[in-house]
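What follows is a single structure, written as structure tokens, with notes after it.
6 protein chains.
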Amino acid sequence: MSTFGLIEYKDASPQVKAIYDDIMTTRKTDYINNFWKAIAHDPALLKRTWEDVKAVMGPGSLDPLTKELIYIAVSVTNSCNYCIASHTASGFAKGMTPAMFKELQAVIGMANETNKLVIGYQVALDARFQPPLDLPK
Amino acid sequence: MSTFGLIEYKDASPQVKAIYDDIMTTRKTDYINNFWKAIAHDPALLKRTWEDVKAVMGPGSLDPLTKELIYIAVSVTNSCNYCIASHTASGFAKGMTPAMFKELQAVIGMANETNKLVIGYQVALDARFQPPLDLPK
Amino acid sequence: MSTFGLIEYKDASPQVKAIYDDIMTTRKTDYINNFWKAIAHDPALLKRTWEDVKAVMGPGSLDPLTKELIYIAVSVTNSCNYCIASHTASGFAKGMTPAMFKELQAVIGMANETNKLVIGYQVALDARFQPPLDLPK
Amino acid sequence: MSTFGLIEYKDASPQVKAIYDDIMTTRKTDYINNFWKAIAHDPALLKRTWEDVKAVMGPGSLDPLTKELIYIAVSVTNSCNYCIASHTASGFAKGMTPAMFKELQAVIGMANETNKLVIGYQVALDARFQPPLDLPK
Amino acid sequence: MSTFGLIEYKDASPQVKAIYDDIMTTRKTDYINNFWKAIAHDPALLKRTWEDVKAVMGPGSLDPLTKELIYIAVSVTNSCNYCIASHTASGFAKGMTPAMFKELQAVIGMANETNKLVIGYQVALDARFQPPLDLPK
Amino acid sequence: MSTFGLIEYKDASPQVKAIYDDIMTTRKTDYINNFWKAIAHDPALLKRTWEDVKAVMGPGSLDPLTKELIYIAVSVTNSCNYCIASHTASGFAKGMTPAMFKELQAVIGMANETNKLVIGYQVALDARFQPPLDLPK
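Chains as they are written, first to last, in the numbering used here: chain V, 6 to 142; chain G, 6 to 142; chain Z, 6 to 142; chain U, 6 to 142; chain X, 6 to 142; chain W, 6 to 142.
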């Protein structure tokens, strides 16, 4: 089920249990994904990754659903099947509609196609797109 | 500047000029990106790609700015420098704020990290995430 | 120009010179690409890589030009700019026409798009495509 | 079997049925791959993708079998298992011999290796390979 | 030089300066890489990334040089030119010899080749390699 | 189990048997991985690949375990599940401890994250990291 197996809640150390508890509280669920149970064999990684995910995926200038869409776009481009399946489910849970899912996939497919056309035709960057950008303060 | 060079507006065939015109009208600009000028050597590709981009990137269930963010996420994951530079500029032109850009990059980085942790730890998919999903109609 | 710089013919050891000579003879040219000059710092790698390339890229069931097209397809998908530039030049030298180049890029773009649609929609494999294939002997 | 399940012919809308019919007629088969049944949930995507595939993969300067080889090369480089399985089957159906398959895989493997040697050794592009190329009209 | 330009030490906020100081102290250098100066526009990202890098790349069961080699292997596989250049320099600074660099590149090239042969030949996993592994406690 | 099925020892040609024998002798095992049995349909590829692997993965300036770690890092970054599973098992067989595995995965995850931050923020290379490096002879 993973390189070292999955650590279930009842078998977890207090340190791991505390993170599982925080995941469940934060996400308002009583379910812990296999991902967390698999990396719980490295409690420092579990802690660091969860804290980073909590900080990065929460509300900000971008809403949590938009962040899920971005997460899915990365996961599809990386061919990470687990990630696609879990974040697609998570996206629907956060309000992604089937119509949004379909537009998301169409954009991902299109971006992957045009990325390769750019590279295959060896397109040089337009001077106006050269960083740094002149942005309003 | 690209495998066959760039086709400028004044040198373009009527067929290519018509697409350049549609790009400029649709995007309310008088500028044609190098990408279009590079693939204009294949007018059928130019036409098909532009029509697909116009259909996919326009408003729908997802707004155009969200689609730009997704485009950037794919381009960063694919290491496509031209695409990142041009779509980052395009994102700012469509209302992306520096704060949104920063959150976008943080999510992309995080997703790329956790994608690899999932794969490296060989995490099996949770039964509940197995497709097909049971979605509301 | 590369991590250790480029080893020019006149500065090469006899072992490296012999491989440079074989490259030039086999390819009917007096030019050695930077790639070979860069990896010549590891003569064992240079020798092994050249011998493998010579064996793999020569005529067989697939002709050398078809092999160049495949090489370009891999290089574009991997975003390897050097590889795209050198193999595109090599393809034209071996008889690739601009029309072939354009069809090649269109297929590469399309394949990258549909690859991601397959993955994003989590499409399960059709039973009939499961390996091993039942092939005629 | 896919995020939304597969849409079988008998359950398809007239719009989707028309595309399924065109796929079967064009390919001289009575079988629709899971890929099309999975993306049929987005009829606009189904239509656009099929029309693009039909245009791009048909005969031209490159024959359809060569295009399948290129498709497989992209799919292997992208680690798209579904795509590899379906296009490998399709390649054999179009006349790819086992010997051709083997040479194809050898080229793909070699190209992936040398792509990374180029990048790892940070090889700068030879002046003569800089685009635009000076091609015969 | 980056999307928002680089933040030099003298122009940095106290929060960013504190991290620059910690980087220089930890690494025993008076130089801050462009990477840190580029992401310093997002002080939270700068802080989190630096703390994670410091925790992950320090000594442990694997020595820092081995970790640099792994970092380079990832960066080459991802075609990240900046990352390759900076970590190659860093590797040499930490004691990587030219001979080690060469073996590293040879392994990276080989692994990329065989990865694709595995995928292209659709090799099923041997039962004995199925996780979870039966490891000594 | 693979495109052409697996060639077992008893069914192998003398040429293939000789390589199987060398693999088992070199690795001090009586087991042949599916990978070799799958590519044995192309005896020239089998021979070349095995000889290259034997040359590259053996002891040198880097020890065989370090080379396994590098192999795993490439395989994870490439999302090659077979490769990860077989080389993870191989790593443990060569002395990788669970603690080393965990640090390896943490470095891989971190490198994938920072690779993308570099690219997403469009960081230009520091002058001091420009190749060629000034290395001690």
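Just so you know, even glycine gets a beta-carbon here, dropped at the ideal spot from N, CA and C.
For L11 (chain W), the three-state secondary structure derived from DSSP is coil. Neighbourhood of K22 (chain G) in chain W, by CB distance below 8 Å: empty, with the nearest CB roughly 32 Å away. Interface residue (Cβ-Cβ distance to chain Z less than 8 Å): P69 (chain W) is not classified as such. Ranked by Cα distance from V21 (chain G), the options G:R32, G:K33, G:W55, G:M6 are led by G:W55. Under a criterion of Cβ atoms nearer than 7 Å, the residues of chain Z adjacent to P136 (chain U) are, in order, A90. Any Cβ of chain G closer than 8 Å to the Cβ of T8 (chain U) would place that residue at the interface, and such an atom is present. A98 (chain G) and T93 (chain Z) have their C-alpha atoms roughly 35 Å apart. Across the stretch 111 to 122 of chain G, CB contacts with chain X closer than 7 Å involve A111, in sequence order along the chain.
Along the stretch 24 to 47 of chain Z, the positions whose C-beta sits under 9 Å from a C-beta of chain X are I44, H46, D47, read in chain order.
Cα atoms of K15 (chain V) and M105 (chain U): separation of roughly 55 Å, rounded to the nearest angstrom. Here the stretch 42 to 58 of chain G does not lie against the stretch 75 to 88 of chain G, with fewer than 3 beta-carbon pairs under 8 Å apart. Within chain Z, not a single residue places a beta-carbon under 9 Å from that of L140 (chain G); the smallest gap is close to 13 Å.
Look at the beta carbons and you see the stretch 111 to 130 of chain U touching the stretch 117 to 131 of chain X: at least three pairs across the two are nearer than 8 Å.
Counting along the chain, the unbroken alpha helix (DSSP H) around L51 (chain X) starts and ends at 48 to 62. Measuring C-alpha to C-alpha distances from A45 (chain W) to each of W:I28, W:Y76, W:G100 identifies W:I28 as the nearest.
For P64 (chain X), the number of other beta carbons within 10 angstroms of its own is below 16, and it is reported as exposed. Between K107 (chain W) and D47 (chain V), the gap from beta carbon to beta carbon is short of 8 Å. In the structure shown, T71 (chain W) adopts helical secondary structure according to DSSP, grouped into three states. Distances from the CA of C88 (chain X) to each of W:D35, W:L11, W:V58, W:F134 were compared; the closest alpha carbon is that of W:F134. The beta carbon of M62 (chain X) lies closer than 7 Å to those of P69, K72 in the same chain, with the five residues before and after it left out. Minimum Cα-Cα distance from T8 (chain X) among the listed residues W:A132, W:P136, W:Q127, W:L138 corresponds to W:Q127. For L130 (chain Z), the chain U residues whose C-beta falls within less than 8 Å of its own C-beta are N39, N86, Y87, A90, S91, listed in chain order. Residue-level contact check: V79 (chain U) does not touch chain X, since none of the beta carbons of chain X fall below 8 Å from its beta carbon. Sequence-ordered contacts of the stretch 93 to 112 of chain Z with chain G read T93, P103, F106, K107, Q110, A111 [C-beta pairs closer than 8 Å].
Within chain W, the residues whose beta carbon sits less than 8 Å from that of D57 (chain Z) are R53, D57, listed in sequence order. Taking 8 Å as the threshold, the shortest C-beta distance from L50 (chain U) to chain V falls below it.
The closest CA to that of V79 (chain W), considering only X:D35, X:D57, X:L109, X:T102, is found on X:L109.
Across the structure, D131 (chain X) and A132 (chain G) are spaced so that their CA atoms are roughly 23 Å apart.
Not one beta carbon of chain G lies nearer than 8 Å to the beta carbon of Y14 (chain V). Between S66 (chain G) and the set V:M6, V:T30, V:P103, the nearest pair of CA atoms involves V:P103. Going by DSSP, C88 (chain G) is part of the alpha helix (DSSP H) stretching over 86 to 98. The CB of S66 (chain G) comes closer than 7 Å to the CB of T102, A104, M105, E108 in chain V, given here in chain order. The alpha carbon of L138 (chain V) has as its nearest neighbour, out of G:L138, G:A129, G:S95, G:Y76, the alpha carbon of G:S95. When rounded, the separation of the alpha-carbon atoms in I12 (chain V) and T31 (chain V) is 20 Å.
Here M6 (chain G) is not near N38 (chain G), since their CB atoms are 8 Å or more apart.
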